[in-house]
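**Q** The structure's right below; bear with me while I get my questions together.
Residue numbers (our numbering): 112 to 242.
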């Protein structure tokens, strides 16, 4: 995938790493066949290939993440099935991690979302609460 990051952006280690990952993607679409969210929803933006486009646009513009981008990134299950089928060896999970870090730095989630995420973060690591 061609990218248009500026030299100033590429001086940032996180952007430089994302750039090298983005350049490996050849848009073949093999990842879509194994992505559970794409299989369920059928929306290209909910496939790894679609999310790669969203991440590329978000990082190249250097702007805060849009609500649409956050919605599709949050739907990724991080199951890594896309990485096992990718013939180009795109490190999708690392790219999504970088994108999620950018989202947390630039996007203010609605109050309900923040509260729900806090509750999950407090309860999920404690199995005793589920007994």
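Here a beta-carbon is modelled for each residue, glycine too, at the ideal position from N, C-alpha and C.
Do the segment 200-208 and the segment 133-142 meet, that is, are 3 or more Cβ pairs less than 8 Å apart?
**A** With a cut-off of 8 Å, the segment 133-142 and the segment 200-208 count as touching, because enough Cβ pairs lie within range.
**Q** So does residue 232 have its beta carbon nearer than 8 Å to some heavy atom of the ligand PLP?
**A** This structure does not include the ligand PLP; it has no bound ligands of any sort.
**Q** By Cβ distance below 6 Å, which residues in the same chain neighbour residue 192 in space, the five residues on each side in sequence not counted?
**A** Along the chain shown, read from residue 1 onward, the residue named residue 192 stands at position 81. These residues qualify, in order along the chain: 145.
**Q** Between which residues of its own chain and residue 157 is the CB-CB distance below 7 Å, once the five residues before and five after are set aside?
**A** Residue numbering aside, residue 157 sits at position 46 when the chain shown is read from its first letter. Answer for residue 157: 148, 149, 183 and 186, listed in chain order.
**Q** If you draw a straight line from the C-alpha of residue 155 to the C-alpha of residue 114, how long is it?
**A** Start at 1 with the first residue of the chain shown, and residue 155 comes out as number 44. Start at 1 with the first residue of the chain shown, and residue 114 comes out as number 3. Cα to Cα, residue 155 sits roughly 20 Å from residue 114.
**Q** So what does DSSP say about residue 197, is it helix, strand or coil?
**A** If you number the chain shown from 1, residue 197 lands on position 86. Note: residue 197 maps to coil in three-state DSSP.
**Q** What would DSSP say about residue 182, mapped onto helix, strand or coil?
**A** For the purposes of this step, residue 182 is taken as the residue at position 71 of the chain shown. Residue state, collapsed to three classes: helix.
**Q** How far does the alpha helix (DSSP H) with residue 241 in it reach, from first residue to last?
**A** As a working mapping, residue 241 is identified with position 130 in the chain shown. Neither: residue 241 is in no alpha helix (DSSP H) and is coded neither H nor E.
**Q** Hey, out of 177, 188 and 210, whose CA is closest to residue 151's CA?
**A** Working through the chain shown from its first residue, we reach residue 151 at position 40. Comparing Cα positions, the closest option is 188.
**Q** Note down, in chain order, each residue of its chain lying with its Cβ closer than 7 Å to the Cβ of residue 125, except the 5 sequence neighbours on either side.
**A** Within the chain shown, numbered from 1, the residue matching residue 125 stands at position 14. Closer than 7 Å at the Cβ level, and outside the excluded window around residue 125, lie 209.
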